[in-house]
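To keep things clear, I will list the structure first and then write my remarks on it.
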Amino acid sequence: MVPVDLLGKVVDHERIDVIAAERGVPVLSDAAESLGASRSGRPSASFGVAAAVSFNGNKIMTTSGGGALLTDDGEVPFDPHKKEDS
């Protein structure tokens, strides 16, 4: 499941995490447009098993391109390098 925080507004990750856990689905948060924002005292990129951020020129923090996958879990339940057809 990929909840997307837009324009600095952090979605209700607590509720999303409950729904995802009930279904056994990992949550990858898209925090590309919410760096610096927080919800309930937690930074936007701290929700889910990992968070994706973008450094494209139109984002909050730029390096003219690229991005990052952030996690504090050494064993995320998916391979970020593997592309799967859906």
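Using numbering that gives the first Met the number 0, the letters of the sequence shown map in sequence onto residues 0 to 85. Glycine included, C-beta positions come from ideal geometry on N, C-alpha and C.
Thr70 and Ala49 have their C-alpha atoms roughly 4 Å apart. Partner residues in the beta bridge of Lys8, as assigned by DSSP, are Leu5. Counting along the chain, the unbroken beta strand (DSSP E) around Asp29 starts and ends at Leu27 to Asp29. Counting along the chain, the unbroken beta strand (DSSP E) around Ser53 starts and ends at Ala49 to Ser53. The closest CA to that of Arg41, considering only Ile18, Val1, Lys8 and Asn57, is found on Lys8. For Ser63, the three-state secondary structure derived from DSSP is coil. When secondary structure is reduced to three states using DSSP, Ser43 falls in the helix class.
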